[in-house]
Amino acid sequence: MLIYPIGVSVDGFIADRDGGFAWTDPIDELFRFHLAQVGALGAYLLGRRLHETMRVWETDPSLRGTEAEAAFADVWCALPKVVFSRTLDGVEGNARLAEGSVAEEVAAALAATDRDVAIGGAGLAAQAVEQGLVDELRVFRHPVVVGGGTPHLPPLPRGIPLDLVETRTFDGRVVLERYRRIRDDPPG
77 MLIYPIGVSV DGFIADRDGG FAWTDPIDEL FRFHLAQVGA LGAYLLGRRL
127 HETMRVWETD PSLRGTEAEA AFADVWCALP KVVFSRTLDG VEGNARLAEG
177 SVAEEVAAAL AATDRDVAIG GAGLAAQAVE QGLVDELRVF RHPVVVGGGT
227 PHLPPLPRGI PLDLVETRTF DGRVVLERYR RIRDDPPG
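Just so you know, we're using this note's numbering here: the sequence shown kicks off at 77 and counts up by one.
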């Protein structure tokens with residue numbers, strides 16, 4: 077299953093007008109949840125900016141300051157990643173640059189594992205949503221209104237029917253909303 081996990085503001089933005097998203101920093105319970113979720117993945121498809129943001133988990137030893145942080149860094153480093161970029165010549169670690177289309181790379185990632193695969197980065201995820209490739213949205217709604225910025229979903233030519241399959245509140249602040257796509261037709 078292809079999942080799109082994303083932290084959003086109450087008004088639906090993943091970054092504010094200045095590109096900031098510090099308000100999504102996970103607190104203890106949510107961080108442990110993310111650790112378990114990432115540890116259960118078979119691969120992660122990322123846009124360039126998300127790859128550059130997350131690369132610190134592979135390169136910055138100061139992010140291993142706690143047991144949970146060290147565990148997350150270990151899980152992130154071990155996870156196979158496919159990076160979509162028009163500007164990068166190469167990537168390090170357990171990552172490779174995408175060679176095919178979004179649909180081709182999603183299909184290859186899903187075929188290579190019996191685990192869920194995640195996709196992230198607003199532009200990349202938007203393409204996957206538009207093409208009907210995303211099976212589940214995991215929206216982590218943070219208690220802030222940013223008033224504008226980067227939306228977590230693009231405008232679409234038609235609606236997408238969803239089932240709400242789970243809600244959960246973390247540390248009394250962040251609400252997880254898991255939505256599974258209702259499939260009437262095959263993706264693509």
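Backbone N, C-alpha and C define an ideal beta-carbon position, used for all residues, glycine too.
Exercise for the section: Can you tell me which of the three DSSP states Ser97 falls into? Expected result: Per the sequence shown, residue 97 should be read as Phe rather than Ser. Note: Phe97 maps to coil in three-state DSSP.
Problem - Any non-hydrogen atom of the ligand ZN within 6 Å of Gly199 CB - result: The ligand ZN is not part of the structure shown, which contains no ligands of any sort.
Exercise for the section: Give the single residue among Gly83, Phe89 and Met77 whose Cα lies nearest to the Cα of Gly223. Expected result: Phe89
Exercise for the section: Determine the direct distance from the alpha carbon of Asp260 to that of Glu168, and round the result to whole angstroms. Expected result: 39 Å
Practice task
Please list, in chain order, all residues of the same chain as Val151 whose beta carbon is under 8 Å from its beta carbon, the five residues on each side excluded.
Solution key: Leu111, Val114 and Gly115
Practice task
Can you give me the Cβ contacts of Leu106 inside the same chain, cut-off strictly under 6 Å, excluding the 5 residues immediately before and after it?
Solution key: Phe246 and Val250
Exercise for the section: Give every residue of the same chain whose Cβ lies closer than 6 Å to the Cβ of Val58, excluding the five residues on either side of it in the sequence, and list them in chain order. Expected result: Outside the shown range of the chain, which is 77 to 264, sits residue 58, and nothing can be said about it.
Practice task
Express the C-alpha separation of Arg140 and Val202 in angstroms, rounding to a whole number.
Solution key: In the sequence under discussion, the amino acid at residue 202 is Ala, which differs from the Val named in the question. When rounded, the distance between both Cα atoms is 32 Å.
Exercise for the section: Count the C-beta pairs between the region 203 to 212 and the region 125 to 141 that are closer than 8 Å, then say yes if the count reaches three, no if not. Expected result: no
Exercise for the section: Could you have a look at Pro237 and say whether DSSP puts it in helix, strand or coil? Expected result: coil
Exercise for the section: Using the DSSP secondary-structure output, state which residues sit across from Ser85 in a beta bridge. Expected result: His218
Problem - Which listed residue (Thr100, Leu173, Ala154 and Val215) has its alpha carbon closest to that of Gly123 - result: Leu173
Handout entry: Contact set for Leu117: own chain, Cβ-Cβ below 7 Å, skip 5 residues either direction
Key = Leu155, Arg191, Asp192, Val193 and Ala194
Problem - Extent of the continuous beta strand (DSSP E) run through Arg256 - result: Val250 to Arg257
Handout entry: Classification of Gly225 by the beta-carbon crowding that lies within 10 angstroms, buried from 16 upward
Key = buried
Handout entry: Closest by C-alpha distance to Ser85, when choosing among Gly95, Glu180, Pro230 and Phe216
Key = Phe216
Handout entry: Span of the beta strand (DSSP E), counted from its first residue to its last, around Thr226
Key = Gly225 to Pro227
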